[in-house]
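Taken in sequence, the protein lines are chains A and B.
Just so we're aligned, residue 0 is where the first sequence starts under numbering that gives the first Met the number 0, counting upward by one.
Just so we're aligned, residue 0 is where the second sequence starts under numbering that gives the first Met the number 0, counting upward by one.
The block underneath contains the structure these notes are about, expressed in structure tokens.
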Amino acid sequence: MARSWGRRVLCTVATLSVVAGLAFAADTPRPGGVLLAVIGADPPSLDPHQESTFATLQLVAPLYSTLVQTDPYAYPKIIGDAASEWKISADALTYTFKIRPGIRFHDGSPLTAVDVKATYDKLIFPPAGTRSVRKSTYSVVASIDAPDPSTVVFKLKHPSASLLGNFASPWNVIYPKKYLDKDPNYFMKNVVGSGPFKFKSYTPGATFEGERNPDYFVKDRPYLNGYKFFISTETSVRAAAIRSGRAYIEFRDLPNADVEAIKKQLGDKVVVQQTPMTGQVGIAINNTVKPFTDVRVRKALTLGLDRYTGGRVLFGITGLRDVGGLLRPSTEFAMAEADLQELPGFGKDPAKNRAEAKRLLAEAGFPNGFKVVLKNRNIRLPYQDFAVFAIQEWRKIGIEAEHRPLETAAWFSDGRDTGNFELIVAPTVEASDDPDVFLERYTTGDANNWGRFSDPAIDDLFSRQSRALDPAERKRTILQLQRRVLENAYYMPGLWWSRSVVHWAKVKNYVAPPNHYANQKLQDVWLSED
Amino acid sequence: MGTYLAKRLLLIVPTLIGAAALVFVIMRVIPGDVALLIFGGDTAGQIDAKQLADMRHRLGLDQPLVAQFGTWLWGVLRFDFGTSLWTGRPVIEELLVRLPLSLELALAATLVSVVIAIPFGMLAAVRQDTWIDYVIRVISIGGLAIPSFWVGILCILFLVIWFGWGPPLEFTPPWVDPWANFQQMVWPVVTVGYRYAAVTTRMTRSTLLEVLREDYIRTAWAKGQREWAIVFRHGLKNAMLPVITLIGTEFAFLIGGLVVTETVFTLNGVGRFVVDAVAHRDYPVVQALVFLIAFGFVIVNLLVDLTYAWFDPRIRYR
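Structure (structure tokens):
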């Protein structure tokens, strides 16, 4: 009998130990495994400096380091990456960064201040033949120096309220200088980074793979042996890939209907992270072609969109929901709802808006409306659903829009590069809520000013808000700028996005930030099982 | 026969040169400057004229059109189709990654189609206006009416919802892992094969019906021959010519024309490659692919023509 009790106690202790061990194991990062993900587009190039699509950044972000970064667990707090510390001078005109020692690029060469300087020179003062879509974000920078291998100094023309946040942009990946010297476009087709993963393979239209970098400068990271993206433009295919376990995560977004179906089928095997997005989907109007040179026509277009109904209709299938101006609703610099409702297209009475739109069209010489081509990206979520909604809304004021979806590269080429469009679906999605990055696209000649308009008053307001260190003064200027853009209907904001990131529960330590650009390095992500 | 074959083989040369010239001219007539596109298509004045001129020189675009065509053709003769502007890799390498997949899909779908369509088409013809004929007609009309990509999506959803299983997202060649290859290819093959079989079934049925009304068939019945002998020996063989033509044309189309099916099943095949290349304005790739697809069509047509004699001994090749 005593022996039997002894056995029972031993068994119980052993069982408890195993259970406790398993519980501990579940919380302790487990090295190994390959993270399988699906992505909805093929990248136009591999150079994040020259691109503004998740299709580029999500694939290559794990391969690179940035100077500083947004804290993966506490948006929008800024923490170091290649820089271990930084100092801003009392007059806010000098930023000094100390580069962490021991960082090596994947070709074995050390990452030094010289590489950081070369990277930011390329971003801010792009050499001829190279595009930098964010150079105006850093127009405040007068010069960059690397006085020694571990120090980078940025001298500013004037103080900037946004600069540190902009340095944390995930797009500003650090390149080795020697390759930039040979060819400033080298990284459009090649990858040499210093991130937690090394480039393994890329088959355009099919897969992109990275493998663990054993020499990564953060000790014992990354946990994963690698990651692999499967590229599919079909939303239903990506959702099915998650449901079947062929992929563990879709980092961007899936329609709520698919998310619900996945949850229903897989239960607690999956986790859904819902976040508001630092982005909205709207329409760029080519201000250089008739009839859109006429402000009455542009106003009629924006008046023709019933955004409030759109939010109700589109949320379930796209995640597009909130009506807002040029900055995310309810954030520090966003317009108040009451102020917004005074602007064309934001009033809550759609019948009144449409009557006004028809009046303006008649006044502009189009009493029976007109025909127009609305170009778009060939990605359903949320681009195409949004366009379908806009088209049927415009039909109510007599405007017949033909929907023309394009491949990502052609969409960028027509919208951003050549201006070969009348109307084009052009979202504004950024890696933070910072006003500089959101509003620079409304300034003259900015690479992201797809509408190609030029208004000196906007340029002035942008410049003033950017250098205003007093938040109240900055807010006043920002509100004026937003009002100016929306009153003149230079650009048509649509609806602000919220996203549902669904992933298998075995994917640990990934916190979905409010955009699909930040927190893509995957250095802390691990898999609890293969 | 030998003379005919030699003539047909020789005819391939001007046909292909004609196709190549046509593609070459079209690619240069459509709007878009390759050199500008390589620089990111930026026309905002960031690119200096010298760089642009250097790039045009490097690509040979500053040469007269005839010289450019000659250079390209000389490259083709040496199996050098140039380098992809998009990936920077030789076009032939890019193609070799994708061609096995497209060939496997086309061959397997053709096999499925032939195995299903000929017996069912024959059965429908022989049992015309019976319930068997009606069922076969309904199924085949369904195959024609329902788009393949939709059948594909239904297949995937059915598998995922009922079995929690989906086909692999990446192509594994059959010689590397036959089971993985089978798991991925079986569904696109079924999807494409269904439409293909539907077309072929309809064609087999209608041509066989026509043949079965011929005088020589009536004579065979009158002589008291068995039904299977009449249908197989006298009917089917004579009804096969249009069916063979259809199978050949469809097979050639399948190699480069399955863009949507390839998208649904995440297959990195030639069809998607062509569309992506057009979207990326990757001219060397478009030129090479159109040329090679034209070559495929010519060869398949030749093979189809050669099989005619086996089915119909009256055909003489001159």
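Note that the Cβ used here is the ideal one computed from N, Cα and C, for glycine as well.
Counting only C-beta atoms, is residue i closer than 8 Å to chain B at any point?
i	result
A/Arg242	yes
A/Pro203	yes
A/Thr206	yes
A/Leu246	Going by the sequence as given, residue 246 of chain A is Ala instead of Leu. By this cut-off, A/Ala246 is an interface position.
A/Lys505	no
A/Asp41	yes
A/Lys181	no
A/Lys154	no
A/Lys199	no
A/Lys121	no
A/Lys188	yes
With 16 as the cutoff for other CB atoms within 10 Å, does residue i come out buried or exposed?
i	result
A/Gln522	buried
A/Ile284	buried
A/Gln273	exposed
B/Thr190	buried
A/Arg394	exposed
A/Ile38	buried
A/Asn171	buried
B/Val286	In the sequence as displayed, the identity of residue 286 of chain B is Gln instead of Val. Buried, since its Cβ has 16 or more Cβ neighbours within 10 Å.
A/Gln68	buried
A/Asp529	exposed
A/His515	buried
B/Met324	Since the displayed chain B opens at 0 and closes at 317, residue 324 of chain B lies outside it and no answer follows.
Quick check: residue i and residue j, are their CB atoms within less than 8 Å of each other?
i	j	result
A/Phe166	B/Thr265	no
A/Gln519	A/Pro169	yes
A/Leu253	A/Val501	yes
B/Asn267	A/Thr202	yes
A/Ile282	A/Ile398	no
A/Tyr226	A/Ala36	yes
A/Pro148	A/Val113	yes
A/Leu478	A/Met334	yes
A/Glu602	B/Val277	Only positions 0 to 529 of chain A appear in this structure, which leaves residue 602 of chain A out of reach.
A/Ile248	A/Val506	yes
A/Thr442	A/Phe420	no
A/Pro588	A/Tyr74	Limits of chain A in this structure are 0 at one end and 529 at the other, which puts residue 588 of chain A out of reach.
Less than 8 Å between the CB atoms is what I'm expecting for residue i and residue j, so what's the real figure, rounded?
i	j	result
B/Met202	B/Pro241	6 Å
A/Gln49	A/Ser131	7 Å
B/Phe148	B/Val259	4 Å
B/Arg271	A/Gly204	5 Å
A/Ile173	A/Thr95	17 Å between Cβ atoms; not a contact.
A/Thr292	A/Asp41	About 35 Å; that fails the 8 Å criterion.
A/Gly194	A/Pro61	5 Å
B/Leu257	B/Val198	Rounded, the Cβ-Cβ distance is 15 Å, inconsistent with contact.
B/Val269	B/Leu15	18 Å between Cβ atoms; not a contact.
Can you find a C-beta in chain A that's less than 8 Å from the C-beta of residue i?
i	result
B/Ile152	yes
B/Gly165	yes
B/Glu209	no
B/Ile155	yes
B/Leu95	no
B/Val289	no
B/Glu213	no
B/Thr275	The question names Thr, but residue 275 of chain B in the sequence shown is Asp. Yes, because at least one Cβ of chain A sits closer than 8 Å to the Cβ of B/Asp275.
B/Leu168	yes
B/Val24	no
Does the beta-carbon of residue i, which I'm using as the reference point, lie nearer than 7 Å to any heavy atom of the ligand HEM?
i	result
B/Thr70	Absence of the ligand HEM from the depicted structure is noted, as is the absence of any ligand whatsoever, leaving it without description.
Against chain D, does residue i count as a neighbour if the rule is that its beta carbon must be under 8 Å from one of theirs?
i	result
B/Val159	Note that chain D does not occur in the displayed structure, where the protein chains are A and B.
Residues in the segment 238-271 of chain B having any Cβ partner in chain A nearer than 7 Å: Thr262, Val263, Thr265, Asn267 and Arg271
Selection of the segment 67-87 of chain B by Cβ proximity to chain A, strictly under 7 Å: Trp85, Thr86 and Gly87
Under 8 Å (Cβ pairs) to chain B, residues found in the segment 215-239 of chain A: Phe229, Ile230, Ser231, Thr232, Glu233, Ser235, Val236 and Ala239
Interfacial residues, the segment 248-278 of chain A to chain B, with Cβ spacing under 9 Å: Ala260, Gln264 and Leu265
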